[in-house]
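Working notes, beginning with the structure itself.
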Amino acid sequence: MANLQFTRDIIEDVLFRCDESTDGSSEFDDRALELINRVYKKLAAGGSELDSAVDETWWWLRSSMPGVLTLVPEKTGICEVTNNNTGVTLALAQADDLDGWFFRIEGESDVYRVSAHTGGGTAVTLDSVFTGTTAAAASYTAQKLIYDLPSGVQEIIGPMRAFRDGPREIDGIDETELNKRFPLNNRYQGTPLAFAMATQDSIRFSHCVNELTRLEFPYLRRATDLTDSGSEEPLVPLEHRAILSDWATFHLMMDKEDSRAEAVGKMAQNGLAAMVMEQRRRQTRIGKRTFGQINPRGGGAYNAEPLRTSSGRIIG
22 MANLQFTRDI IEDVLFRCDE STDGSSEFDD RALELINRVY KKLAAGGSEL DSAVDETWWW
82 LRSSMPGVLT LVPEKTGICE VTNNNTGVTL ALAQADDLDG WFFRIEGESD VYRVSAHTGG
142 GTAVTLDSVF TGTTAAAASY TAQKLIYDLP SGVQEIIGPM RAFRDGPREI DGIDETELNK
202 RFPLNNRYQG TPLAFAMATQ DSIRFSHCVN ELTRLEFPYL RRATDLTDSG SEEPLVPLEH
262 RAILSDWATF HLMMDKEDSR AEAVGKMAQN GLAAMVMEQR RRQTRIGKRT FGQINPRGGG
322 AYNAEPLRTS SGRIIG
């Protein structure tokens, strides 16, 4: 219990400080774990729910390995479509499950999403009725532009990287901006130029690739609920796990109307402030220059020569 290494250590510390039994018989045993998890999630989310002045991208949540997505090329073929009907019949079955893919008919303006399809089948259901002209043999294109993020990803914290056509960074932008720059009724192909969050756990790309393409990206790990297993450790570094105990103790003392709650709350605030300071020190030391200083281009050299014409005139 002394070093707060495991979840159980933290639970016992909270109970002990609240004058409760630590052998599992306390009526507050489950409540202590609930409060620890509440604090853990708030802290992992940046800490602003604990202190409105705090909003950190914690170094200890950064994954040492990049996240990976494999983008798949578009599908094309012939299908039968009927005006004012959501049903589509493919001439040849598509092996991939097209659920959620964007579906368009050549010569038509509207773009649909596939709401139902089973891989290997020919029956497709669109998300709304087909507004175009009935055709027994219409050319179609199906593009997968939305991808679910791996389950352990809490937040993408940098551009995505593609290497198939040479190193390329794919920037994250707002979904409104994505819609403006890359409207769905245009058919964009190739390595994406941008992506946006479609939901909390999925992203949409600007382009559909022409061949299987691997992307990687830096991300923060998701802090999952602690379960009180024997060897379970929070992602919070060992030297800062007292924060979990302090905040959970504060909340439990508030539940019990314990007069010591205010003092423990101040301790918890101080612990969070110290954690933020340690975060900022790491950010400052990570490079040779001062944190927050704008670094010039040109390989980072301060004395880089300006660009000149052949006659010597400065142009940049």
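Straight run, no breaks: the sequence shown in our numbering ends on number 337.
Glycine included, every Cβ here is placed at the ideal spot set by N, Cα and C.
DSSP, reduced to helix, strand and coil, places TYR61 within a helical segment of the structure shown. Taking C-beta atoms as the reference points, PRO180 and ASP192 count as a pair closer than 8 Å.
ALA294 sits in a helix when the DSSP states are folded into three classes. The three-state secondary structure of GLY286, taken from DSSP, is helix. Comparing alpha-carbon positions, the option among SER250, THR28, SER85, VAL89 lying closest to TYR61 turns out to be THR28. Taking the C-beta atoms as reference points, LEU166 is found no nearer than 8 Å to SER223. At least 8 Å separates the beta-carbon of TYR240 from that of ILE194. In the three-state reduction of the DSSP assignment, GLN300 falls in the helix class, which pools H, G and I. Taking the Cα positions, ASP249 is about 16 Å away from ASN24. Within a 10 Å sphere around the beta-carbon of ASN58 sit 16 or more other beta-carbons, which makes this residue buried. When rounded, the separation of the alpha-carbon atoms in ILE99 and THR220 is 31 Å.
DSSP places THR212 in the coil class of the three-state scheme, outside both helix and strand. Taking the Cα of GLY173 as reference, the smallest distance to any Cα among LEU64, ASP246, GLY142, HIS261 is reached at ASP246. Contiguous beta strand (DSSP E) elements confined to the region 97-175 occur at 108-111, 123-126, 133-137, 144-147, 156-164, 167-169, taking only those with 3 or more residues. Under the 8 Å Cβ criterion, the region 105-116 counts as touching the region 142-158, having at least three qualifying pairs. PHE37 carries a helical assignment under DSSP once its states are collapsed to helix, strand and coil. In this structure, the CA atom of VAL35 is about 21 Å from the CA atom of ASP72. DSSP places PHE49 in the coil class of the three-state scheme, outside both helix and strand.
For ALA114 and GLU237, the gap between their C-alpha atoms comes out near 31 Å. Given a length threshold of 3 residues, each whole run of the beta strand (DSSP E) inside the region 175-204 is given here in chain order: 181-183, 189-193. Under DSSP, GLY251 forms no beta bridge with any residue.
The C-beta distance from PHE216 to GLN164 rounds to 14 Å, too long to fall under 8 Å, and the pair is not in contact. Taking the CA atoms as reference points, THR212 sits about 8 Å from ASP186. The bridge partners DSSP lists for ALA217 are ARG225. Residue environment: MET274 is assigned as buried (16 or more neighbouring CB atoms within 10 Å of its CB, all protein chains considered). Beta-bridge partners assigned by DSSP to ARG306: none are found. Under the DSSP assignment, LEU233 falls outside any alpha helix (DSSP H); it carries neither an H nor an E label.
Per DSSP, reduced to three states, the secondary structure at GLU237 is strand. Following the DSSP letters along the chain, one finds LEU92 inside the beta strand (DSSP E) bounded by residues 88-92. If you look at PHE271, you'll find it in the alpha helix (DSSP H) that goes 263-276. Beta bridge pairing from DSSP links ARG242 with VAL174.
Here the region 128-145 does not lie against the region 64-78, with fewer than 3 beta-carbon pairs under 8 Å apart.
Straight-line measurement puts the Cα of THR270 at about 14 Å from the Cα of LEU293.
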